[in-house]
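If you read the sequence shown in the numbering used here, its first letter stands for residue 181, the second for the next number, and so on. The C-beta atom is built at its ideal place from N, Cα and C for all residues, glycine as well. Keep in mind that this is a model prediction, so the values were computed, not measured.
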Amino acid sequence: MNPQRLGPSISLLNYLYSDNPDFKIINPSIVDPSVIELAHTKEYISTLNEMSVPGFIPSHEGRLEALTKFNLGTGDCPIFENMAQISELIVGSTLSAAEGLMKNEFSKAFVLLAGLHHASQDRASGFCYYNDVNVTIRNLQNQNENIKILYLDTDLHAGDGVNYEFYNDPNVLTISFHESGEFIFPGTCFPDEIGSKEGTGYAINLPFYPYTSDDLYQKALFKYIPTFMDDFQPDIVIWQAGVDGHRDDPLGHLQLTTNSYVKFGEFVNQLSEKMETPRLLALGGGGYNPISVTRSWIFEVSGLANKPVPTKLPNEWRKECVELWGVDFPKHLMDEPSKVSLEIGNEQKHLYDVAIENFEKHVSPYWSIE
Numbered sequence: 181m182n183p184q185r186l187g188p189s190i191s192l193l194n195y196l197y198s199d200n201p202d203f204k205i206i207n208p209s210i211v212d213p214s215v216i217e218l219a220h221t222k223e224y225i226s227t228l229n230e231m232s233v234p235g236f237i238p239s240h241e242g243r244l245e246a247l248t249k250f251n252l253g254t255g256d257c258p259i260f261e262n263m264a265q266i267s268e269l270i271v272g273s274t275l276s277a278a279e280g281l282m283k284n285e286f287s288k289a290f291v292l293l294a295g296l297h298h299a300s301q302d303r304a305s306g307f308c309y310y311n312d313v314n315v316t317i318r319n320l321q322n323q324n325e326n327i328k329i330l331y332l333d334t335d336l337h338a339g340d341g342v343n344y345e346f347y348n349d350p351n352v353l354t355i356s357f358h359e360s361g362e363f364i365f366p367g368t369c370f371p372d373e374i375g376s377k378e379g380t381g382y383a384i385n386l387p388f389y390p391y392t393s394d395d396l397y398q399k400a401l402f403k404y405i406p407t408f409m410d411d412f413q414p415d416i417v418i419w420q421a422g423v424d425g426h427r428d429d430p431l432g433h434l435q436l437t438t439n440s441y442v443k444f445g446e447f448v449n450q451l452s453e454k455m456e457t458p459r460l461l462a463l464g465g466g467g468y469n470p471i472s473v474t475r476s477w478i479f480e481v482s483g484l485a486n487k488p489v490p491t492k493l494p495n496e497w498r499k500e501c502v503e504l505w506g507v508d509f510p511k512h513l514m515d516e517p518s519k520v521s522l523e524i525g526n527e528q529k530h531l532y533d534v535a536i537e538n539f540e541k542h543v544s545p546y547w548s549i550e
């Protein structure tokens with residue numbers, strides 16, 4: 181919700197693609213409260229609305245208890261004016277995009293401020309108040325109980341809120357590639373968390389060790405995801421495309437660069453085009469360095485759209501970013517490759533092999549990945 185990460189990104193998209201007929205901006209729909217109730221409790225929704233009123237102060241004991249119960253008023257989930265209304269708008273954006281895809285009005289959609297994958301039915305978490313992914317999936321299931329949905333999450337942080345919401349559901353395949361919870365929030369979603377009951381095998385988690393590089397991350401993504409796609413045959417793919425795995429992001433330790441994000445976009449686009457009816461919903465997810473966020477999102481969008489991007493950022497746009505948001509972008513869009521010593525490179529490879537061995541041990545009984 182930080183204007184420093186959204187403003188430059190929206191502005192650059194307009195600079196690059198506003199005159200391109202292949203791009204269309206859609207307005208989010210107003211959300212019916214009953215739709216949000218598909219994935220959140222009435223008490224939680226009511227509390228969020230109450231605490232969104234201007235000047236709200238949780239002064240009496242009951243309200244203080246509610247803060248604790250719903251994880252509100254914390255460092256990563258502060259209460260602020262209109263937080264419920266803003267969260268509803270995010271849900272409406274994701275719902276609108278999904279609706280257009282299911283009506284075959286377009287085959288791909290990218291929602292920048294979306295993919296709030298940590299919130300659960302009655303609890304805010306990790307800057308997420310309403311889980312737009314869960315609401316959207318539940319709404320799709322409401323319309324077609326047999327719909328098959330593949331959820332791919334490449335955010336720095338595990339998609340725990342989505343993972344556990346559909347943990348027992350064989351019609352929702354959740355796949356999360358993330359930095360290991362041994363080192364960062366939310367501390368969950370390990371390879372042995374594979375789903376339960378009818379959904380056993382349909383929750384897939386690959387946690388990476390810190391300092392995993394572009395080539396190693398891409399190696400895993402490109403190896404495993406096509407198998408899951410081919411075996412599962414989804415009706416729609418939802419990609420949480422968070423860019424906080426970038427090496428310059430302050431919250432993580434992965435060493436991804438813009439090289440990965442353009443390839444992610446191209447790769448997911450190619451996967452979706454192989455579907456009988458291509459439907460791909462991409463969600464911007466996390467990212468907390470405005471410079472890396474904007475550049476990485478642009479590469480993801482261009483990769484999905486199969487459109488080239490300039491090697492240099494427009495000077496006029498760069499000046500605008502300084503004036504409006506106080507962000508001074510470099511001239512070039514693409515990062516320089518990361519350089520590490522042979523010793524560090526060998527250690528990265530060793531830790532990657534450890535992660536992959538553990539991943540395959542838990543996933544291979546259910547999927548033909550080896």
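Should F250 and R303 be called a contact, given that it needs their Cβ atoms to be closer than 8 Å?
-> Residue mapping note: residue 250 aligns to position 70 of the sequence shown, counting from 1. Residue mapping note: residue 303 aligns to position 123 of the sequence shown, counting from 1. With respect to the 8 Å criterion, F250 and R303 are classified as neighbours on the basis of their beta carbons.
So is I384 buried or exposed if we call it buried at 16+ other beta carbons inside 10 Å?
-> Numbered from its first residue, the sequence shown carries residue 384 at position 204. Answer is buried; the Cβ neighbour count reaches 16.
Mind checking N512: buried by the 16 CB within 10 Å criterion, or exposed?
-> Taking the sequence shown and counting its residues from 1, the one referred to as residue 512 is at position 332. The question names Asn, but residue 512 in the sequence shown is His. Under a 10 Å Cβ-count criterion, H512 is classified as exposed, with fewer than 16 other Cβ atoms of the shown protein chains found around its own Cβ.
Residue range of the alpha helix (DSSP H) that L555 falls in?
-> The requested residue 555 does not occur in the structure, where the chain is confined to residues 181 to 550.
When we look at the beta-carbon of G235 and count the other beta-carbons within 10 Å, is it buried (16 or more) or exposed?
-> Residue mapping note: residue 235 aligns to position 55 of the sequence shown, counting from 1. Exposed, since its Cβ has fewer than 16 Cβ neighbours within 10 Å.
By how many angstroms is the C-alpha of E373 removed from the C-alpha of I329?
-> Counting from 1 along the sequence shown, the entry for residue 329 is found at position 149. Counting from 1 along the sequence shown, the entry for residue 373 is found at position 193. Looking at the backbone, the Cα of I329 and that of E373 are separated by about 19 Å.
Alpha carbon to alpha carbon, how far is I225 from N262?
-> One-based indexing of the sequence shown puts residue 225 at position 45. One-based indexing of the sequence shown puts residue 262 at position 82. Using only the alpha carbons, I get a separation of about 13 Å.
What residue ranges within the region 202-255 form continuous alpha helix (DSSP H) runs of no fewer than 4 residues, ordered along the chain?
-> Unbroken alpha helix (DSSP H) runs of no fewer than 4 residues, entirely contained in the region 202-255, are found at 213-216, 222-230 and 241-250, following chain order.
The alpha helix (DSSP H) with V313 in it runs from where to where?
-> By 1-based counting over the sequence shown, the position of residue 313 is 133. That run of the alpha helix (DSSP H) goes D312 to Q323.
Could you tell me which residues DSSP puts in a beta bridge with K492?
-> Locating residue 492 in the sequence shown gives position 312, where the first residue counts as 1. In the DSSP output, where bridge partners are listed per residue, K492 has H512.
For E359, which beta-bridge partners are listed by DSSP?
-> As a working note, residue 359 is residue 179 in the sequence shown. Per DSSP, F388.
Do the region 424-441 and the region 474-485 touch if we need at least three Cβ pairs shorter than 8 Å?
-> Counting C-beta pairs with one atom in each stretch, the region 424-441 and the region 474-485 have three or more that are closer than 8 Å, which means they touch.
Let me know if V448 comes out buried or exposed under the rule of 16 or more other beta-carbons within 10 Å of its beta-carbon.
-> Working through the sequence shown from its first residue, we reach residue 448 at position 268. Under this definition V448 is a buried residue.
Beta bridge counterpart(s) of I327 as assigned by DSSP = Position 147 of the sequence shown, counted from the first residue, corresponds to residue 327. Partner(s): none; I327 has no beta bridge.
Between E279, G432, I524 and L531, which lies nearest to I210 when the distance is taken from Cα to Cα?
-> Mapped onto the sequence shown, residue 210 falls at position 30. Measuring C-alpha to C-alpha distances from I210 to each of E279, G432, I524 and L531 identifies E279 as the nearest.
Output yes or no for whether 8 Å exceeds the beta carbon distance between F357 and A400.
-> Translated into positions along the sequence shown, residue 357 becomes position 177. Translated into positions along the sequence shown, residue 400 becomes position 220. It is a contact, given that the beta carbons lie within the stated cut-off.
Where do the N-terminal and C-terminal ends of the alpha helix (DSSP H) with A535 fall, by residue?
-> Within the sequence shown, residue 535 is the residue found at index 355, counting from 1. Start and end: L522 to V543.
According to DSSP, is T334 helix, strand or coil?
-> Translated into the one-based positions of the sequence shown, residue 334 becomes position 154. Coil at T334, not helix or strand.
CB-CB length for D298 against G253, believed under 8 Å | Counting from 1 along the sequence shown, the entry for residue 298 is found at position 118. Counting from 1 along the sequence shown, the entry for residue 253 is found at position 73. The residue you asked about is not Asp; residue 298 is His in the sequence shown. About 16 Å; that fails the 8 Å criterion.
First through last residue of the beta strand (DSSP E) which encompasses W547 | Along the sequence shown, one-based indexing puts residue 547 at 367. It is not in any beta strand (DSSP E) - W547 carries neither H nor E in the DSSP assignment.
Proximity to N351 [Cα-Cα], best of L461, G464, M409 and G367 | For the purposes of this step, residue 351 is taken as residue 171 along the sequence shown, with counting starting at 1. Of L461, G464, M409 and G367, the residue nearest in Cα terms is M409.
Have a look at T274, E217 and D212 and flag the residue whose alpha-carbon is nearest the alpha-carbon of L293.
-> For this step, residue 293 is matched to residue 113 along the sequence shown. Among T274, E217 and D212, the Cα nearest to that of L293 is on T274.
DSSP three-state assignment for A421, whether helix, strand or coil | Position 241 of the sequence shown, counted from the first residue, corresponds to residue 421. It is coil, neither helix nor strand.
Work out the CA separation of G295 and N311 for me, nearest whole Å.
-> Locating residue 311 in the sequence shown gives position 131, counting from the first residue. Locating residue 295 in the sequence shown gives position 115, counting from the first residue. Straight across, the Cα-Cα distance linking N311 with G295 is about 7 Å.
Contact belief for L531 with Y389 at Cβ below 8 Å, rounded distance in angstroms | Taking the first residue of the sequence shown as 1, we reach residue 531 at position 351. Taking the first residue of the sequence shown as 1, we reach residue 389 at position 209. Their Cβ separation, rounded to whole angstroms, is 4 Å, which keeps L531 and Y389 in contact under 8 Å.
Reduced DSSP secondary structure (H/G/I, E/B, other) of R303 | As a first step, residue 303 must be located in the sequence shown, where it is residue number 123. Three-state DSSP puts R303 in a strand.
Minimum Cβ-Cβ distance from T248 to chain C less than 8 Å = No chain C appears in the structure shown, which is made up of a single protein chain.
Endpoints, beta strand (DSSP E) assigned at L460 = Here residue 460 corresponds to residue number 280 of the sequence shown, with the count starting at 1. Segment L460 to L463, the beta strand (DSSP E) holding L460.
What is the rounded straight-line gap between the Cα of E359 and the Cα of A289?
-> As a position in the sequence shown, residue 359 is number 179, starting the count at 1. As a position in the sequence shown, residue 289 is number 109, starting the count at 1. Distance from the CA of E359 to the CA of A289, rounded to the nearest whole angstrom, comes to 26 Å.
Three-way DSSP call (helix, strand, coil) for A289 in this model | Translated into the one-based positions of the sequence shown, residue 289 becomes position 109. Strand, per DSSP.
In three-state terms, what does DSSP make of V352?
-> Sequence index remark: in the sequence shown, residue 352 carries index 172 (1-based). Here V352 sits in strand by DSSP.
Assuming N229 and A277 form a contact by the criterion Cβ under 8 Å, report the distance between their Cβ atoms to the nearest whole angstrom.
-> For the purposes of this step, residue 229 is taken as the residue at position 49 of the sequence shown. For the purposes of this step, residue 277 is taken as the residue at position 97 of the sequence shown. Actually they are not in contact, since the Cβ atoms of N229 and A277 sit about 24 Å apart, beyond 8 Å.
At a cut of 8 Å, does the region 466-475 reach the region 413-431 through at least three beta carbon pairs?
-> These segments touch.
Hey, L434 and T392 are a contact pair by Cβ (cut 8 Å); roughly how many whole angstroms apart?
-> As a working note, residue 434 is residue 254 in the sequence shown. As a working note, residue 392 is residue 212 in the sequence shown. Their Cβ separation, rounded to whole angstroms, is 5 Å, which keeps L434 and T392 in contact under 8 Å.
Consult DSSP for S376 and reduce its assignment to one of helix, strand or coil.
-> The residue labelled residue 376 in the question sits at position 196 within the sequence shown. The three-state secondary structure of S376, taken from DSSP, is coil.
Rounded to whole angstroms, what's the CA-CA distance from P458 to D415? Just pull it up for me.
-> Counting from one through the sequence shown, the residue named residue 458 turns up at place 278. Counting from one through the sequence shown, the residue named residue 415 turns up at place 235. If you draw a straight line from the Cα of P458 to the Cα of D415, it comes to about 8 Å.
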